[in-house]
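I have placed the structure first, in the form of structure tokens, so that the comments after it can refer back to it.
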Amino acid sequence: MCNQGTCTGTQPTEKPSQTHLYFDLLPLPDAMKDQEKHHDDDQQYPLVSEIVKEAKSLFSLAFPIALTGLILYSRSVVSMVFLGRLGDVELASGSLAIAFANITGYSVLSGLALGMEPLCSQAFGARRPKLLSLTLHRYVVFLFFTSVLISVFWMNMFNIFVYLRQDRDITRIGQRYLLFSLPDLFTNSLVHPIRIYLRAQGLAHPITLATLIATVLHLPINFVLVSHFNFGVAGVAASASISNFLVLVSLVVYVWYSGLHEPTWEKPSMECFTGWKPLLKLAAPSCVSVCLEWWWYEIMIVLCGLLVNPKATVASMGILIQTTSLIYVFPSSLSFAVSTRIGNALGANRPYTARLSAVVAVFLSATMGLSASTFASAMRDKWATMFTSDSEILRLTSIALPILGLCELGNCPQTVGCGVLRGSARPSTAANVNLGAFYLVGMPVAVGLGFYLGFGFSGLWLGLLSAQVCCAGLMLYVVGSTDWDLQANRAQMLTCVDTKLLDSSDDSRGETSAS
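In this text, residue positions in the sequence shown follow our numbering: the first is 1, and each later residue adds one.
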């Protein structure tokens, strides 16, 4: 526990110099302090001016994150286009390899990395730059070793899928794709922590700029490796690896030479190999929460292969999942923004500001859900024509798009609710909600309607709809019943415990130097 005489949220022990980090453009600890100071304790509801100000703050952070997501989406489309031009076998092999990589690699790294969000955002709000920097170093080490373990699975993909009686030719080509994707796996172990480290400080524009540079070069890199040198699926995988490495290089160069890192940067030390308990307690449930949701869509594709006319149902499911991925960019960007805002507020011991951020974000997410639902319903007869001319695929997609739109009514608030829980360091709650909603409610409904009650393809999407409705309801209940004063106290405990370790290590180094 923290020593209340030496470590409190209202009297930070470390105060960085006034820099770009505390400008009024993105209200962080200083602005939060003013907001909390002028708040009347008897005031039950926030003022309109406070709501508008918070909405602007969320938008200023969410907009560049959404732009980054759209850029990354366009990059994945380019890769799929080059895979498709190689032939049906190569497209199937690449798709199989990508699905395997998502399940065993990218979802795991992404989920584990999200565990550092509350640590970083709360440390920044509490003005403890050493803890913020140390968390970055610990996660880089943690994700790098995790990537080593994941690479073992990737190098044995052929043996695994042959054992599962998959086509040997498709699996062999898929194995080649994965081998050339290994550098990308290790690159992600660096990119993910750096992104979150910057985002926790309200710095999203360097990420957008670095992603844009890499994506602009992604097309010519693919053309050279795939079309000119005829490297096939290996060229597509290598292009993706090179592009992501360019993101890393651009990000590091920009941040380092612009000096954005200076207020919070500490040199790496042996402390990054100690004090992993808070890290693991947040990383593990964060990983479970992300994987449960990611894996659901992969399971949906597998189930489509068991329906009548599997070629059409799998193809239609692929189109619809691409559609949900595009729509997901917007609620996920708001989710990251509210996670940062809430983490900063709780770290600064401003529970009222954290509550305001959560409420405003939930209402914005409801607006997003309504917009997404309207878009999906309006485009039901036109959307699939951009991908195929097959009449059966067009019919299936047209039937499912309105259901997809209804799913977004729940998915947008649910996604933002996950951001609220991440910012308040409650990933275990999010994991339990996802487990219950997707696998104890959604999966039985999908299987029952799709295979036993004759709904077929539509039944699978109705199962997802039931999961999203359940998940959104549970998330809104958890967020609505949150004791924000308690969460602010938890944030002080979380940041103080690690700060004591840092201070003690600094003292020991000082004694060693003196002797």
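Think of the CB as a built atom: it goes at the ideal place given N, C-alpha and C, for glycine as much as any other residue.
Query                                                                                                            : Result
Own chain partners of F142 with C-beta closer than 8 Å, once the 5 adjacent residues on each side are dropped    : L112, W276, L279 and A283
Endpoints, the alpha helix (DSSP H) within which W296 is located                                                 : K277 to C304
Backbone CA spacing between C496 and F455 [nearest angstrom]                                                     : 54 Å
Beta-carbon spacing of G524, V338 below 8 Å                                                                      : Residue 524 lies beyond the stretch modelled for the chain, which goes from 1 to 515, so this question has no answer here.
Endpoints, the alpha helix (DSSP H) within which A378 is located                                                 : P351 to A378
The stretch 66-84 in contact with the stretch 206-223 per 3-pair CB rule at 8 Å                                  : yes
Contact check, E117 vs I196, beta carbons under 8 Å                                                              : yes
Nearest-angstrom beta carbon gap, V226 and F82 [assumed within contact, 8 Å]                                     : 5 Å
Close-in-space but distant-in-sequence residues of the same chain around V362 (CB under 8 Å, 5 per side omitted) : P413, V416, G417, V420, L476 and V479
Cβ neighbour criterion (16 or more within 10 Å) applied to D184                                                  : buried
Outcome for M157 when other beta-carbon atoms lying within 10 angstroms are tallied against a minimum of 16      : buried
V108 versus P427: straight-line alpha-carbon distance, rounded                                                   : 14 Å
Simplified DSSP state of T388, which is helix, strand or coil                                                    : coil
Beta-carbon gap between P64 and A238 smaller than 8 Å                                                            : no
Simplified DSSP assignment, three categories, for H38                                                            : Caution is warranted here: a pLDDT of 49 is assigned to H38, below 50, making its placement in the model unreliable, and the coordinate value is therefore given only provisionally. The answer is coil: DSSP assigns H38 none of H, G, I, E or B.
Where the alpha helix (DSSP H) containing F82 begins and where it ends                                           : V48 to L86
Coarse secondary structure for L183, derived from DSSP in three states                                           : Note that residue 183 is Pro in the sequence shown here, rather than Leu. Three-state result, P183: helix.
Residue burial classification, F145 (beta-carbon count within 10 angstroms, cutoff 16)                           : exposed
Cβ pair T215, R128 closer than 8 Å                                                                               : no
Inter-stretch contact at 8 Å, needing at least 3 Cβ pairs: the stretch 361-381 / the stretch 394-402             : yes
Selection from G125, V360 and L198 that minimises the alpha carbon distance to L47                               : V360
Nearest residue (CA-CA) to Y45, options Y254, R85 and L356                                                       : L356
Closer than 7 Å: I299 CB and nearest the ligand SAH heavy atom                                                   : What this structure holds is no ligand at all, so the ligand SAH is not there to describe.
Status (buried if at least 16 other CB within 10 Å, exposed otherwise) for H218                                  : buried
Coarse secondary structure for Q122, derived from DSSP in three states                                           : helix
Segment contact flag, the stretch 87-98 with the stretch 167-177, C-beta cutoff 8 Å, min 3 pairs                 : yes
Beta-carbon proximity check, R199 vs T323, cutoff 8 Å                                                            : no
Between the CA atoms of F186 and Y293 - distance to the nearest angstrom                                         : Looking at the sequence itself, residue 293 is Glu, so the reference to Tyr does not match. Spanning the two alpha carbons is a distance of roughly 23 Å.
The stretch 341-352 contacting the stretch 118-127, beta-carbon criterion three pairs below 8 Å                  : yes
Per-residue burial, P331 [other beta carbons within 10 Å of its own, 16 or more giving buried]                   : buried
CA-to-CA distance, W295 to V469, given in whole angstroms                                                        : 18 Å
Buried versus exposed, by CB contacts within 10 Å (16 or more), R168                                             : exposed
Beta-carbon gap between P193 and Y139 smaller than 8 Å                                                           : yes
Residues near S316 by beta carbon distance below 6 Å, same chain, minus five either side                         : I393, L396 and T397
Own chain, CB closer than 7 Å to L86, minus 5 neighbours either side, in chain order                             : G232 and V233
Coil, strand or helix - V247 by DSSP                                                                             : helix
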